[in-house]
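Numbering (UniProt numbering), first residue to last: 1 to 318. For glycine and all other residues, C-beta sits at the position ideal for the given N, C-alpha and C. Accompanying notes for the structure given below.
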Amino acid sequence: MATISKAETDEVKARHQLSAIIGRTVKLRKAGNEYVGLCPYHSEKSPSFRVNDSKGLFHCFGCGASGDIFKYLMDIEGLSFREAFAALADAANLPTVDPKQRQQQARAETADRAAAILSAQAQWHDARTIRGTPAELYLRSRGIMGDMPPTIRFARVPAWKNPKTGADGPALPALIAACQNRAGKIVGVQRIFLTKEGTKASMANPKLSLGQVRGCALRLGPIAPHIILCEGPEDGLTLRQKHPRASVWVSLGTGAMPHIELPDVIRRVTIAGDNNAPGRLAAETASAAFIEQGREVQAIYPPRKFADWNDELMGVLA
Ligand SMILES: [Zn+2]
């Protein structure tokens, strides 16, 4: 039997739209440049499985499963590599794509990402200390007192853009958290949109990121040989208050934790996980990733009756 060359597999991959293949077995919905759905690799209730047609890759932020069209057909549809190749090579009835169109789409996505990083940097630049702002009221209402690290700021920023006109929506008060990449450069922000009274804004999701977040962290303390790592800014600020001598970093999202690119100086990571199932799964996946990088890892959780660290603080206060 003749072996199948890389050029041949690349050629069949380029002809197919990954979302169309996966869409036969998983219900997908469009989300920005990608598609999302419930992960076929693990059991979940809210979708964390993403499919990117221009890259030809899928990735699950819940369980970490990832791969290309071949991996999907072999894992989920149970085909051998040769069967998958044959199915793709003569699947005349499957929707196919023009490579030029795919290249154009990939270029447009790269440009979108670069523009989003610039907007995030501009929002960060224009933001100021939280003293006397709704962001301070919000944090106080969550039991977080004392001085804030310089990576937490306040600004009034538009929560959305009109997708048709590109015009900004109205500016809303927001707590702005800096996302720094491995080199320490601010390349993204996470905004928690607030009312002027300091409660969360009534939006479907008042926590929105802009720019690059993947691989980055919100640093509530300096680079140190040992850090505490958690999922959200409120938990991070709670842990910082509880352990004033420790350096606390935040992954800004459950699924993001295993993908943080940590500077080499950090040798030991205490993962402070959330108590729910996705939180524990993310902590386990992150542990494995950091151990693989030669770091020492320990995972801690709040007492069972509290969902996360801020709930524990608030429960204790109550
Ligand atoms: Zn999954």
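Taking C-beta to C-beta, are Gly236 and Leu220 nearer than 7 Å?
yes
Going by Cα to Cα distance, which pick from Pro258, Pro149 and Arg113 is closest to Ile130?
Pro149
Rounded Cβ spacing between Pro303 and Glu312 (contact assumed at less than 8 Å)
6 Å
Between the segment 112-130 and the segment 221-230, are three or more C-beta pairs nearer than 8 Å?
no
Pick out the complete beta strand (DSSP E) segments inside the segment 169-232, 3 residues or longer, and give them in chain order.
171-180, 186-193, 207-211 and 226-230
Go through the segment 107-156 residue by residue and report every complete run of the alpha helix (DSSP H) that reaches 4 residues or more, in order.
134-141
Note down the Cα distance separating Phe61 from Asn52, rounded to an integer number of angstroms.
13 Å
Indicate the three-state DSSP secondary structure (helix, strand or coil) for Phe306 in the structure shown.
coil
Shell residues, 6 Å Cβ cut-off relative to heavy atoms of ligand 1:
Cys39, Tyr41, His42, Phe49, Cys60, Gly62, Cys63 and Ala65
Beta-carbon contacts of Pro134 that lie in its chain and below 6 Å, excluding the five residues immediately before and after
Pro173, Leu194, Lys196 and Gly198
Between the segment 263-270 and the segment 185-192, do at least 3 Cβ pairs fall closer than 8 Å?
no
Under 8 Å by Cβ, that's how I've got Arg214 and His243 pegged, so tell me the actual separation to the nearest angstrom.
So it is not a contact: roughly 27 Å between Cβ atoms.
Is the beta carbon of Val157 closer than 7 Å to that of Gln123?
yes
Give a yes or no on whether the C-beta atoms belonging to residue 321 and Ile228 are separated by under 7 Å.
Since the first residue of the chain shown is 1 and the last is 318, residue 321 is not available in this structure.
May I ask you to verify whether the segment 55-70 touches the segment 7-20, counting CB pairs closer than 8 Å and requiring at least 3?
yes
Ser247 in three-state terms, based on DSSP
strand
According to the neighbour-count rule (16 or more other Cβ atoms, all chains shown, within 10 Å of its Cβ), is Ala282 buried or exposed?
buried
Grouping DSSP H, G and I as helix and E and B as strand, with all else coil, what is Lys30?
strand
Would you mind sorting Trp160 into buried or exposed? The rule is 16 or more other CB atoms within 10 Å of its CB.
exposed
Could you pull the DSSP bridge partners for Arg50 from this structure?
Val36 and His59
Which stretch, first to last residue, makes up the beta strand (DSSP E) that contains Phe269?
Correcting the residue identity first, residue 269 is Val in this sequence and not Phe. Residues Arg268 to Ala272.
Close beta carbons around Pro206, own chain, < 7 Å, minus the five adjacent residues each side
Ile192, Phe193 and Lys200
Where does Val265 fall in DSSP's three states?
coil
Go through its chain and collect everything with a Cβ distance to Glu44's Cβ below 7 Å, but skip five positions before and after it.
Leu38 and Gly62
In DSSP terms, what Val297 is bridged to
Val269
Going by DSSP, which residues form a beta bridge with Lys161?
Asp168
What is the DSSP secondary structure of Ser5, reduced to helix, strand or coil?
coil
Collapsed DSSP secondary structure at Ser43 in the structure displayed
coil
Terminal residues of the continuous alpha helix (DSSP H) containing Ser80?
That residue, Ser80, is in no alpha helix (DSSP H); it is neither H nor E in DSSP.
Distance CB(Pro233)-CB(Ala177) smaller than 7 Å
yes
Consult DSSP for Gly67 and reduce its assignment to one of helix, strand or coil.
strand
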